[in-house]
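Engineer: Count along the sequence shown from 1, then add 1259; that gives the number in the numbering used here. C-beta atoms are modelled at their ideal positions from N, C-alpha and C, and glycine is treated no differently.
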Amino acid sequence: MAETAAKWSISTRTVGDIWKLASKPLLVGQKFDVNSKRIGNANRKKLLPDVEFIKKIDIKDRDTMYRLHIQTGVSVRKVHSWVKEGLLKPHSSPLHPKLNDVNKIQRMKHALQSLVIEQVPTTEIKFNEMSHIIHMDEKWFFITNDNHKYYLANGEELPYRSCQSKRYITKVMFMCAVSRPVYSPEGELLFDGKMGMFPFTKQQPTTRRSRYRPRGTMEIKAIESITKEVTRACIIEKVIPAIKCKWPEGASKHILIQQDNAKPHIKNDDPEFMAAANSDGFNIELFFQPPNSPDLNTNDLGYFRALQSLQSA
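#1: Counting only the same chain and skipping the five closest in sequence on each side, list residues whose C-beta sits under 8 Å from that of residue 1346.
#2: Can you have a look at residue 1432 and say buried or exposed, based on whether 16 or more other CB atoms are within 10 angstroms of its CB?
#3: Where are the beta strand (DSSP E) runs, 3 residues long or more, that stay fully inside the stretch 1474–1557, in chain order?
#4: On the premise that residue 1409 lies in contact with residue 1418, defined as a C-beta separation below 8 Å, what is that separation, rounded to the nearest angstrom?
#5: Have a look at 1339, 1342, 1447, 1317 and flag the residue whose alpha-carbon is nearest the alpha-carbon of residue 1330.
#6: Could you check whether the stretch 1543–1553 touches the stretch 1525–1534, counting it as contact only if at least three pairs of C-beta atoms, one from each stretch, sit closer than 8 Å?
#7: Residues in the same chain with beta-carbon distance under 8 Å from residue 1384, minus the five sequence neighbours each way, listed in chain order, please.
#8: Please classify residue 1324: does DSSP put it in a helix, a strand, or coil?
#9: Select from 1338, 1285, 1380, 1314 the residue whose C-alpha is nearest the C-alpha of residue 1323.
#10: Should residue 1506 be labelled buried (16 or more other beta-carbon atoms within 10 Å of its own) or exposed?
#11: Which value, in whole angstroms, describes the spacing of the CA atoms of residue 1528 and residue 1559?
#12: If contact is defined by three or more beta carbon pairs under 8 Å, each pair taking one atom from either stretch, is the stretch 1452–1465 in contact with the stretch 1496–1505?
#13: Out of curiosity, what's the CA-to-CA distance linking residue 1392 and residue 1447?
#14: Within 10 angstroms of the Cβ of residue 1312, are there 16 or more other Cβ atoms? Answer buried if so, exposed if not.
#15: Tell me whether residue 1539 is buried or exposed, calling it buried when 16 or more other Cβ atoms sit within 10 Å of its Cβ.
Next comes the structure, spelled out in structure tokens:
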């Protein structure tokens, strides 16, 4: 019954009513006419949205169905049906970085460097596999969120969450380095591309004793002030060793690490980095992505958001 209702875009109740009317004639071998008994165009004329009128409404007055209902004079239910039928399209409008002319030229150069230039000109455009490029970026992860949504059963006690101050919720910055995964010709995963998530933390002795530990016990604390020295130490002591350990055998050891233009990031020709990167047969280089272009980094495109969802799950 549900399949029939979905096929003809009617309710299951209507299907049931028609079946009841048709079952008696069919039992005695008579035909049953399922056509509507209404004569002519008896249905109400379908109310369609006035597209030109809606376009003239200020975009700020169209951010919810209720406000659109106020502007158009139709019911919220009708606005919802328009959206469901595809007559109106919901759209989430994120804020984008403002690009000047120099930024646009740099983005174009960055994209052109990813193209494979054939010796024989062809109409087909090919991109470099970028299997030797690692995207590196940082993100603050909070131990808990200010607001968290739960689904509770009827009669269940409401969870109570508290903290000393919302301004001082524990947070830790992580540096993430990822590259493209590597597969064998048979489709077997040889390398997942995950170099690691490296926390900016330090160990320091406690200054007071408590019932949980004596004074002087070493504790792990988050580094809240991220400077170039801290970033350099993380790259040299954690990121580069992880790359050398996990990099697939047989792959080119000429590796490019892409970073954004944040102030705590070291320069591409940093002497300490170059000494650590150009050893053990590896040739690892740093380069900056175009400014105001977070969409050119895999981490900012959604990888961090996925990790945040797993962390809060």
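Structural biologist: Result, derived from the coordinates:
#1: 1307, 1308
#2: buried
#3: 1477–1481, 1513–1518, 1542–1547
#4: 6 Å
#5: 1317
#6: yes
#7: 1374
#8: helix
#9: 1338
#10: buried
#11: 25 Å
#12: yes
#13: 21 Å
#14: exposed
#15: exposed
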